[in-house]
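Here is the structure we will look at, set down as C-alpha cells.
Numbering (our numbering), first residue to last: 303 to 445.
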C-alpha cells in the first residue's frame with residue numbers, strides 16, 4: 303500500500319531563547335515523503351499556555367485551509383506525495399511567565415491512520431534584576 307509518511311515534519315519557534323513579552327515566529331513544515339498522497343491530512347498545534355497569537359499573523363503555503371482557534375492553530379487539506387505545506391504564525395510570549403520553558407506540540411494525521419506528534423520547547427531568557435548595594439560603616443557603630 304502506498305501510504306503517506308509525515309514523519310519528517312517539524313515544528314520550530316525562533317528566537318529561542320526569547321525574552322519574556324517578546325514576539326516569536328513559529329513554523330510547522332508539514333512534509334509527506336511517502337509514496338502515497340495524504341488526501342485528508344490535518345495538523346492541530348496546541349499553543350503554549352499564556353501566549354497570544356498575533357492577529358493576522360497566520361499564513362500558509364502549499365494548499366489546504368488554516369484557521370486560528372482559541373489556544374490552537376488548525377490546518378486541513380490534501381498533501382501530495384513528496385509535497386509540503388508550511389504554516390507560519392507569531393506568538394506574543396507572557397511578560398511574567400510562571401512556568402518556563404513554554405511547550406507547544408503539533409498533532410499530525412495523514413487521514414489513513416498515521417499520526418505523529420512534533421513538540422517544541424520555547425526557552426525564555428532569565429529575567430535580570432539589579433539590586434542596590436547598601437553598606438554600613440560597622441566601626442562607627444556603638445554596641
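Built from N, CA and C at the ideal position, the CB exists for glycine as well.
Note to self: Counting C-beta neighbours from all protein chains within 10 Å, is the total for residue 353 16 or more, i.e. buried, or is it exposed?
What the structure shows: Looking up residue 353 in the chain shown gives position 51. With 16 or more Cβ atoms within 10 Å of its Cβ, residue 353 is classed as buried.
Check: For residue 306, which residues of its own chain have a beta-carbon under 6 Å away from its beta-carbon, when the five flanking residues on both sides are left out?
Finding: The sequence position of residue 306 within the chain shown is 4, counting from 1. Beyond the five residues adjoining it in sequence on each side, residue 306 comes within less than 6 Å, by CB distance, of 334, 336, 338, 340 and 412 in the same chain, given in chain order.
Item checked: 7 Å CB neighbourhood of residue 374 in its chain, flanking five on each side removed -> Within the chain shown, numbered from 1, the residue matching residue 374 stands at position 72. If we look at residue 374 and ignore the five residues flanking it on each side, its Cβ neighbours are 346, 347, 348 and 349.
Check: Under 8 Å, do residue 392 and residue 327 count as touching if we go by C-beta distance?
Finding: Locating residue 392 in the chain shown gives position 90, where the first residue counts as 1. Locating residue 327 in the chain shown gives position 25, where the first residue counts as 1. Cβ atoms of residue 392 and residue 327: closer than 8 Å.
Margin query: On the criterion of 16 or more Cβ atoms from any shown chain inside 10 Å, does residue 395 qualify as buried, or is it exposed?
Written below: In the chain shown, the residue the question calls residue 395 occupies position 93. With a threshold of 16 other beta carbon atoms within 10 Å, residue 395 meets it and is buried.
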